[in-house]
Amino acid sequence: EDQVTQSPEALRLQEGESSSLNCSYTVSGLRGLFWYRQDPGKGPEFLFTLYSAGEEKEKERLKATLTKKESFLHITAPKPEDSATYLCAVGSTGANSKLTFGKGITLSVRP
Amino acid sequence: NAGVTQTPKFRILKIGQSMTLQCTQDMNHNYMYWYRQDPGMGLKLIYYSVGAGITDKGEVPNGYNVSRSTTEDFPLRLELAAPSQTSVYFCASSYRQETQYFGPGTRLLVL
Chain A
1 EDQVTQSPEA LRLQEGESSS LNCSYTVSGL RGLFWYRQDP GKGPEFLFTL YSAGEEKEKE
61 RLKATLTKKE SFLHITAPKP EDSATYLCAV GSTGANSKLT FGKGITLSVR P
Chain B
1001 NAGVTQTPKF RILKIGQSMT LQCTQDMNHN YMYWYRQDPG MGLKLIYYSV GAGITDKGEV
1061 PNGYNVSRST TEDFPLRLEL AAPSQTSVYF CASSYRQETQ YFGPGTRLLV L
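Top to bottom, those sequences are chains A and B. Position 75 of the first sequence, counting from 1, maps to 75 under this note's numbering, and the rest follow consecutively. Position 40 of the second sequence, counting from 1, maps to 1040 under this note's numbering, and the rest follow consecutively.
Right under this line is the structure:
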C-alpha cells in the first residue's frame, strides 16, 4: 500500500527565513510525485510534478527535489503570501491513476 | 477555460436527504475524480472515472454513487445523507495519468 507522510504538520516562519518541507513516501513503483498548494476554502492548486530521483523543479521562491524515499519543498526567503497548506501526493505505476495524498503542512509566514 | 467547476459551493442537508454534487470540466480530460477532505486528514478518493461510461471505486465509496455519461460531467450522488458525510468535496480531472487539476470544492454539512 502506498503511503505518504509529511512533516512537520505546521511550520511558522518569519518573512525571509528559508526552510524546507518534507514528504516521505513508500510506493511500489513511482509514477510521479506531486506538490500542491491549498489556500483556505479553496481547491488544491498544482505546483510541481517530479518523476525520478535527482530531479528538481523551481517556481519563484519554491524549489522541489526528489530522492528515492522523500521529496523536499524548499522555500527561499518566504513572504506572507506563501502562507498556505502544502500537499504532497504520489502516484504509483500500474493500471490506475489514483494518487495517495499526505495530510499536508500548514505554513504560516509572519511579516 | 474555466477548468473544473463545482456546484453548489455550500449545502446543508438533513439526515436521510439526498443530493447530487455537480462537477464539470472543459479541458477535455478523460480522467475524473471525486475526493473528500476532512480536517487534519489527507484527501481521500471516493470514486474515479477513466472515461465516459467507466467508473470505479476509490478508498471511501460507501454512501456515494457516480455516473459518467459525458466526458465533461461527473456528478456525485449522496443517498440517505449521514453526519459522517459532512466534509468538503473536491472534483478533479486529468489527461490520462498526468497531473490532476482540482475544482474549488463543495462544503457539505449534514445535520
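Virtual Cβ for every residue (Gly too), placed ideally from N, Cα, C.
Residue i: first and last residue of the uninterrupted beta strand (DSSP E) it sits in
| i | result |
| --- | --- |
| residue 18 of chain A | Taken as a continuous stretch (DSSP letters only), residue 18 of chain A belongs to no beta strand (DSSP E), as it is neither H nor E. |
| residue 1041 of chain B | Element bounds for residue 1041 of chain B: n/a, residue is neither H nor E. |
| residue 27 of chain A | Here residue 27 of chain A belongs to no beta strand (DSSP E), and DSSP marks it neither H nor E. |
| residue 1093 of chain B | 1087–1094 |
| residue 1082 of chain B | Residue 1082 of chain B -> no beta strand (DSSP E), and no H or E assigned at all. |
| residue 1098 of chain B | No beta strand (DSSP E) contains residue 1098 of chain B, which DSSP labels as neither H nor E. |
| residue 45 of chain A | 45–50 |
| residue 1065 of chain B | 1064–1066 |
Cβ shell of residue i (< 6 Å), same chain only, five flanking positions each side left out
| i | result |
| --- | --- |
| residue 1017 of chain B | 1081 |
| residue 1038 of chain B | 1087 |
| residue 1020 of chain B | 1075, 1077 |
| residue 92 of chain A | 2, 27, 28, 29, 31 |
| residue 106 of chain A | 10, 85 |
Beta-bridge partners of residue i, as assigned by DSSP
| i | result |
| --- | --- |
| residue 89 of chain A | A:34, A:101 |
| residue 11 of chain A | A:107 |
| residue 1073 of chain B | B:1024 |
| residue 1051 of chain B | B:1054 |
| residue 1006 of chain B | B:1023 |
| residue 74 of chain A | A:20, A:63 |
| residue 1108 of chain B | B:1011, B:1087 |
| residue 1001 of chain B | Beta-bridge pairing links residue 1001 of chain B to no other residue. |
| residue 4 of chain A | A:25 |
| residue 57 of chain A | A:64 |
Same chain only: Cβ atoms within 8 Å of residue i, ignoring 5 sequence neighbours per side
| i | result |
| --- | --- |
| residue 1003 of chain B | 1025, 1026, 1027, 1101, 1103 |
| residue 1014 of chain B | 1081, 1110, 1111 |
| residue 1054 of chain B | 1068 |
| residue 1043 of chain B | 1035, 1036, 1037, 1090 |
| residue 38 of chain A | 44, 45, 84, 85, 86, 87, 104 |
Rounded C-alpha distance that separates residue i from residue j
| i | j | result |
| --- | --- | --- |
| residue 19 of chain A | residue 42 of chain A | 24 Å |
| residue 108 of chain A | residue 86 of chain A | 11 Å |
| residue 1077 of chain B | residue 66 of chain A | 38 Å |
| residue 111 of chain A | residue 84 of chain A | 15 Å |
| residue 1107 of chain B | residue 74 of chain A | 31 Å |
| residue 1098 of chain B | residue 44 of chain A | 15 Å |
| residue 1034 of chain B | residue 1046 of chain B | 5 Å |
| residue 9 of chain A | residue 103 of chain A | 8 Å |
| residue 1008 of chain B | residue 1094 of chain B | 22 Å |
| residue 60 of chain A | residue 29 of chain A | 30 Å |
| residue 70 of chain A | residue 23 of chain A | 5 Å |
| residue 1048 of chain B | residue 1085 of chain B | 18 Å |
| residue 1052 of chain B | residue 1073 of chain B | 9 Å |
| residue 1010 of chain B | residue 40 of chain A | 15 Å |
| residue 2 of chain A | residue 99 of chain A | 9 Å |
| residue 34 of chain A | residue 1092 of chain B | 14 Å |
Contacts around residue i, its chain only, beta-carbon distance under 7 Å, and the 5 residues preceding and following it disregarded
| i | result |
| --- | --- |
| residue 1105 of chain B | 1006, 1088, 1089, 1090 |
| residue 14 of chain A | 110 |
For the segment 70–95 of chain A, which residues have a CB atom closer than 8 Å to at least one CB atom of chain B, in sequence order? 87, 89, 91
Residues of the segment 1003–1036 of chain B in Cβ contact with chain A at a cutoff of 9 Å, in chain order, please. 1004, 1006, 1031, 1033, 1035
Listed in chain order, which residues of the segment 1038–1055 of chain B have Cβ atoms closer than 9 Å to some Cβ of chain A? 1040, 1041, 1042, 1043, 1044, 1045, 1048, 1050
At a CB distance below 9 Å, what residues from the segment 1094–1105 of chain B approach chain A? Give them in sequence order. 1094, 1096, 1097, 1098, 1099, 1100, 1101, 1102, 1103, 1104, 1105
With 7 Å as the limit, tell me which residues of the segment 17–43 of chain A have their beta carbon closer than that to any beta carbon of chain B; keep them in chain order. 31, 34, 42, 43
Please list the residues of the segment 1070–1095 of chain B that have a C-beta atom closer than 7 Å to any C-beta atom in chain A, keeping them in chain order. Cβ contacts with chain A: 1090, 1094.
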